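First up is the structure itself, then whatever we jot down about it.
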Amino acid sequence: MTRILRTRADLREALRDAARPIGLVPTMGWLHEGHRALMRQARTADATTVVSIFVNPRQFNVRDDFTRYPRAESRDLAICESEGVDLVFAPNAAEIYPPGFDTTVSVGAVSRPLEGAARPGHFDGVATVVAILFDLVGADHAYFGQKDAQQVLVIRQMARDLAIPTEVIACPTVREPDGLALSSRNVHLAAEERAAASVMRRALLAAVARWEAGERSARALRATMLAELADEPLAETDYVSVADMTTLAELDRVDGPALLSLAVRFGTTRLIDNEPLGAAPVTDRGLARPA
Ligand code: AMP
31 MTRILRTRAD LREALRDAAR PIGLVPTMGW LHEGHRALMR QARTADATTV
81 VSIFVNPRQF NVRDDFTRYP RAESRDLAIC ESEGVDLVFA PNAAEIYPPG
131 FDTTVSVGAV SRPLEGAARP GHFDGVATVV AILFDLVGAD HAYFGQKDAQ
181 QVLVIRQMAR DLAIPTEVIA CPTVREPDGL ALSSRNVHLA AEERAAASVM
231 RRALLAAVAR WEAGERSARA LRATMLAELA DEPLAETDYV SVADMTTLAE
281 LDRVDGPALL SLAVRFGTTR LIDNEPLGAA PVTDRGLARP A
C-alpha cells in the first residue's frame with residue numbers, strides 16, 4: 031500500500047522507522063514512463079521508495095507555464111501504487127514555503143549557462159526545493175533523469191557543497207518510438223507540433239554521427255544541429271549547445287566528454303533534450319561526475 035503524506039511533519043514521522051536504504055524520486059507529477067523508470071530504479075536498489083509530487087512555483091520563471099502545467103493527482107497516485115512506491119509526499123505550496131519563508135539555495139557556475147540563462151531563477155527554485163526534500167527525506171539515493179542533465183549537475187554540486195549525503199543518480203532518458211523524450215509538457219503539443227518535435231532527436235543524432243565520423247569542431251556540431259532543426263518549420267530554436275560535460279562551458283573543440291543539448295519551441299511549448307558525447311555509456315550513474 032502506498033501511503034500519501036501532506037505535511038513535512040507527517041513525512042518525517044512516516045520515515046522514522048523506514049527500512050534503509052531509502053530512495054527518493056522528486057517529481058512535479060503528471061507521471062509518465064520516464065518517472066516510472068526512476069521509481070523502478072529506486073525499487074531495485076532501495077528498501078523504501080519515496081516519490082514527491084510538487085509543482086514547485088519557484089522554479090517557473092514564466093507564470094503561464096506554472097498555471098498551465100498539467101496536474102492529475104489521482105492518476106499519479108495510481109501510478110505510484112502500481113510501481114510499488116511506499117510513500118508519496120504531495121504537499122501544497124504553503125507546506126513547502128510557509129509564511130515567512132525567506133531562503134534561497136543558489137548554485138554557482140554550473141547553474142548559469144543553458145537553462146539557467148534561458149530561464150532566470152529556475153535553478154534557484156530547483157535547488158531550494160530539492161534541498162528541502164533532501165533534508166526531509168534523508169534519502170540514501172535520489173534519482174533524476176538525464177533528460178534534465180544540467181539539473182543533475184546543479185543538484186550534485188548543491189549536495190556536495192551543503193554536505194548532504196544523498197547520492198544523486200542519473201537515469202537514462204525514456205523516449206517515444208520516434209525519439210521524442212517523454213515530458214509532462216508534451217501533452218500541450220498540437221498533433222502537428224507533436225509530429226514536428228521528433229526533429230530534436232534527429233538533430234542530436236546528426237551531431238553524434240558527425241562526431242563519430244571524426245568532427246571535433248564544436249561550431250560544426252552546432253551547425254549540424256541547427257541545419258536539422260531548420261528543416262522543420264514548426265521548430266523555433268532557443269539554443270543549441272556543445273559544452274564541457276562537467277562545467278557546461280561552451281567548447282571550441284570536443285577533446286573530452288561533452289554534452290550536446292538543445293531547447294526548442296513548438297508553438298507555446300518549450301522542450302529540451304541532450305545527448306552525451308564521449309562520456310561513459312549511459313548507465314544508472316550515466317553523467318560524468320566531477321573528480
Ligand atoms: P519532472 O516531473 O518533469 O520535474 O521530472 C521529474 C524527474 O523525472 C526529473 O529528474 C526528470 O529529469 C525525470 N524525467 C523527466 N522526463 C524523463 C524522461 N523522459 N526520461 C527519464 N527521466 C525523466
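If you read the sequence shown in my numbering, its first letter stands for residue 31, the second for the next number, and so on. Positions of the beta carbon are idealized from the N, C-alpha and C atoms, including for glycine. Since the structure is predicted, the reported quantities are computational estimates derived from the model, not experimental observations.
Simplified DSSP assignment, three categories, for residue i
i, result
"Pro121", "coil"
"Ile194", "coil"
"Ser214", "helix"
"Asp208", "coil"
"Glu305", "strand"
"His62", "coil"
"Val272", "strand"
"Thr294", "Per the sequence presented here, residue 294 reads as Val, with Thr not at that position. Here Val294 sits in strand by DSSP."
"Leu278", "coil"
"Leu259", "helix"
"Thr79", "strand"
"Thr74", "helix"
"Gly151", "coil"
"Val55", "strand"
"Gly146", "helix"
"Leu84", "Inspection of the sequence shows that residue 84 is occupied by Phe rather than by Leu. DSSP places Phe84 in coil when its eight states are reduced to three."
"Ala49", "coil"
"Ala200", "strand"
"Leu289", "strand"
"Arg315", "Here Arg315 scores only 49 on pLDDT, less than 50, and its place in the model should not be relied on; the value that follows carries that caveat. It is coil, neither helix nor strand."
Close Cβ partners of residue i (< 8 Å) along its chain, the five nearest in sequence each way excluded
i, result
"Val238", "Leu290, Glu305, Leu307"
"Glu222", "Leu264"
"Met255", "Ala233, Leu234, Ala236, Ala237, Val270, Leu290, Leu292"
"Ala39", "none"
With 16 other Cβ atoms within 10 Å as the buried cut-off, status of residue i
i, result
"Met230", "buried"
"Ala179", "buried"
"Ser112", "exposed"
"Leu35", "buried"
"Phe131", "exposed"
"Thr79", "buried"
"Met31", "exposed"
"Pro121", "buried"
"Leu192", "exposed"
"Glu103", "exposed"
"Asp47", "exposed"
"Ala147", "exposed"
"Asp165", "exposed"
"Ala370", "The requested residue 370 does not occur in the structure, where the chain is confined to residues 31 to 321."
"Gly244", "exposed"
"Arg105", "exposed"
"Arg101", "exposed"
Other residues of its chain near residue i: CB distance less than 6 Å, five sequence neighbours each side excluded
i, result
"Gly64", "Gly175, Val204, Leu212"
"Ser228", "Asp208, Gly209, Leu210"
"Glu262", "Ala226, Val229"
"Gln187", "Val137, Val140"
Sequence-distant residues of the same chain with beta carbon closer than 7 Å to residue i, five excluded per side
i, result
"Trp241", "Leu251, Val284, Leu307"
"Asn372", "It is not possible to answer for residue 372, since the shown part of the chain is limited to 31 through 321."
"His152", "Gln89, Asn91, Glu145, Gly146"
"Ser247", "Arg283"
"Phe296", "Leu219, Glu223, Ala226, Ala227, Leu264, Ala265"
"Thr37", "Pro121, Glu125"
- prompt: Which full runs of the beta strand (DSSP E) of 3+ residues lie inside the region 88 to 140, going along the chain?
  reply: You should have 117 to 119.
- prompt: At a cut of 8 Å, does the region 68 to 80 reach the region 101 to 119 through at least three beta carbon pairs?
  reply: Per the Cβ contact rule, the region 68 to 80 is in contact with the region 101 to 119 (3 or more Cβ pairs under 8 Å).
query: If you pair each beta-carbon of the region 250 to 257 with each one of the region 284 to 300, do three or more pairs fall below 8 Å?
result: The region 250 to 257, when compared against the region 284 to 300, does touch it at the 8 Å Cβ threshold.
message: Threshold first: 4 residues or longer. Then list the alpha helix (DSSP H) segments lying entirely within the region 220 to 255, N to C.
response: Correct list: 221 to 226, 229 to 242.
query: Are the region 90 to 109 and the region 192 to 202 in contact at 8 Å, needing three or more beta carbon pairs?
result: By the Cβ rule, the region 90 to 109 does not count as touching the region 192 to 202, because fewer than three pairs are nearer than 8 Å.
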